[in-house]
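*Asks:* According to the numbering used here, the sequence shown holds residues -15 to 230 in order.
This structure is in structure tokens; I'll ask about it shortly.
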Amino acid sequence: MHLPGTKKDIINQLQKSILLMQGCTPPVSDNTDSVGLGPIEASFPNGIFPTGAIHEFLSAEPEQAAANGGFISGILSNLMQHDGACLWISMRRTLFPPSLKVFGVEPDQLIFIDLKRERDVLWAMEEALKCKGLSAVIGELEEINFTQTRRLQLAAEQSRVTGFILRSDLKKLSATACVARWNITHLPSELEDGMPGVGFPRWNVELLKVRNGNPGNWKVEWSAGRFKPVTEMTEAFIRPESLKAG
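Structural data, given as structure tokens:
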């Protein structure tokens, strides 16, 4: 049905108002690629990665924890461009700090807080999200419920600090107030012709849930200081386990 321009304008304005109430801030400029995620960002409202919000990453195995750490580090390299600081809160730290330099993040920009109880990690994360001077807060948790994520989301909306939850117990996976749920897994790297060593980091990126957006699946690579889509994956570089999962 064709709507007159005035009705379209009203609907568009209502949609924008709803997004604002849900913590989705519209872009402030024509540059909608805020953290360099390229085509992935088109899946989000306004076509921009939601900052000042909570993102949930599934982290069932040590290999997946490493994949999450690398992928999030790439995002942090953009969030922390202006000498920002980040807190990484956990009971069992899964990140190797020197590896951050591969993604353009200096290790001294991160402050690690190691705690003994999960409830302390949750409390520290909520308090850290209230600190407007931080660029991001990352918390490693086994499980978390809707009410707890809602508290974190409200704190992030007030301070505009971006939060990342690395959730390891997937047996109790439930609905949350997070703006997005991510599933990141490693892909084999590919060597450049004539070059020794290993290739650039690659991931399979699944956006399982996104508030007011469109879930999707992408293959990306970190090279030249940014994320790049991987358009071709030759059969030689496809892992046997990925074939079984399909």
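C-beta atoms are modelled at their ideal positions from N, C-alpha and C, and glycine is treated no differently.
Spatial neighbours of glutamine 137 within its chain, please: CB distance less than 6 Å, with the 5 preceding and 5 following residues excluded, ordered by chain position.
*Replies:* Residue numbering aside, residue 137 sits at position 153 when the sequence shown is read from its first letter. Correct list, in chain order: Ile38, Ala161.
*Asks:* Tell me whether threonine 131 is buried or exposed, calling it buried when 16 or more other Cβ atoms sit within 10 Å of its Cβ.
*Replies:* Position 147 of the sequence shown holds residue 131. With fewer than 16 other Cβ atoms within 10 Å, it is exposed.
*Asks:* Report back the beta-carbon spacing between phenylalanine 41 and isoleucine 168 to the nearest angstrom; my notes put them in contact at under 8 Å.
*Replies:* Start at 1 with the first residue of the sequence shown, and residue 41 comes out as number 57. Start at 1 with the first residue of the sequence shown, and residue 168 comes out as number 184. Yes, they are in contact, since the Cβ atoms of phenylalanine 41 and isoleucine 168 sit about 6 Å apart, within 8 Å.
*Asks:* Exposed or buried, which one is isoleucine 95 when buried takes at least 16 other CB atoms within 10 Å?
*Replies:* Taking the first residue of the sequence shown as 1, we reach residue 95 at position 111. It counts as exposed.
*Asks:* When the Cα of phenylalanine 211 is compared with those of Ile59, Ser83, Cys115, Gln65, which residue comes out closest?
*Replies:* The residue you call residue 211 lines up with position 227 of the sequence shown. Closest by alpha carbon: Ile59.
*Asks:* Below 8 Å on the Cβ atoms is my guess for leucine 118 versus leucine 106; work out the distance and round it to an integer in Å.
*Replies:* Residue 118 sits at position 134 when you count from the first residue of the sequence shown. Residue 106 sits at position 122 when you count from the first residue of the sequence shown. Actually they do not touch by this definition, with Cβ atoms about 17 Å apart.
*Asks:* Does the beta-carbon of phenylalanine 80 have 16 or more other beta-carbons within 10 angstroms, so that it is buried, or is it exposed?
*Replies:* Residue numbering aside, residue 80 sits at position 96 when the sequence shown is read from its first letter. Exposed, because fewer than 16 other Cβ atoms sit within 10 Å of the Cβ of phenylalanine 80.
*Asks:* In chain order, which beta strand (DSSP E) runs of at least 3 residues are fully inside the segment 109 to 197?
*Replies:* Counting whole runs of 3 or more residues, the segment 109 to 197 contains the beta strand (DSSP E) stretches 118 to 125, 146 to 151, 164 to 171, 186 to 194.
*Asks:* Which of helix, strand or coil does DSSP assign to asparagine 15?
*Replies:* By one-based count along the sequence shown, residue 15 stands at place 31. Because asparagine 15 sits at a pLDDT of 42, beneath the cut-off of 50, its placement in the model cannot be relied upon, and the following sentence gives the value as read from the coordinates. Note: asparagine 15 maps to coil in three-state DSSP.
*Asks:* Hey, how far is the Cα of glutamine 48 from the Cα of valine 189?
*Replies:* Numbered from 1 along the sequence shown, position 64 holds the residue referred to as residue 48. Numbered from 1 along the sequence shown, position 205 holds the residue referred to as residue 189. If you take the alpha carbons of glutamine 48 and valine 189, they lie about 11 Å apart.
*Asks:* Leaving out five residues before and five after serine 239 in sequence, what residues of the same chain have Cβ atoms less than 6 Å from its Cβ?
*Replies:* Not covered by the structure: residue 239. The range shown for the chain is -15 to 230.
*Asks:* Arginine 101 to threonine 215, Cα distance in whole Å?
*Replies:* Reading the sequence shown from its first residue, position 117 is the one you call residue 101. Reading the sequence shown from its first residue, position 231 is the one you call residue 215. Going by the C-alpha atoms only, they are around 43 Å apart.
*Asks:* Please report the distance separating the alpha-carbon of glutamate 205 from that of glutamate 141.
*Replies:* Numbered from 1 along the sequence shown, position 221 holds the residue referred to as residue 205. Numbered from 1 along the sequence shown, position 157 holds the residue referred to as residue 141. Each residue's alpha carbon lies about 30 Å from the other.
*Asks:* Which first and last residues belong to the alpha helix (DSSP H) in which isoleucine 24 is found?
*Replies:* Taking the sequence shown and counting its residues from 1, one reaches residue 24 at position 40. Isoleucine 24 -> no alpha helix (DSSP H), and no H or E assigned at all.
*Asks:* Starting from the C-beta of phenylalanine 55, find all residues in its chain whose C-beta is less than 6 Å away, skip the five residues before and the five after it, and write them out in chain order.
*Replies:* Mapped onto the sequence shown, residue 55 falls at position 71. Within the same chain, phenylalanine 55 has close Cβ partners Ile168, Trp187.
*Asks:* Go ahead and label arginine 165 buried or exposed: buried means 16 or more other beta carbons lie within 10 angstroms of its beta carbon, across all protein chains shown.
*Replies:* Translated into positions along the sequence shown, residue 165 becomes position 181. It is buried - the Cβ of arginine 165 has at least 16 other Cβ atoms within 10 Å.
*Asks:* Cα-Cα, which of Thr146, Leu99, Ala108 is closest to phenylalanine 33?
*Replies:* Locating residue 33 in the sequence shown gives position 49, where the first residue counts as 1. Closest by alpha carbon: Thr146.
*Asks:* Quick one: is serine 74 buried, meaning 16 or more other Cβ sit within 10 Å of its Cβ, or exposed?
*Replies:* In the sequence shown, counting from the first residue as 1, residue 74 sits at position 90. When all chains shown are included, serine 74 counts as buried.
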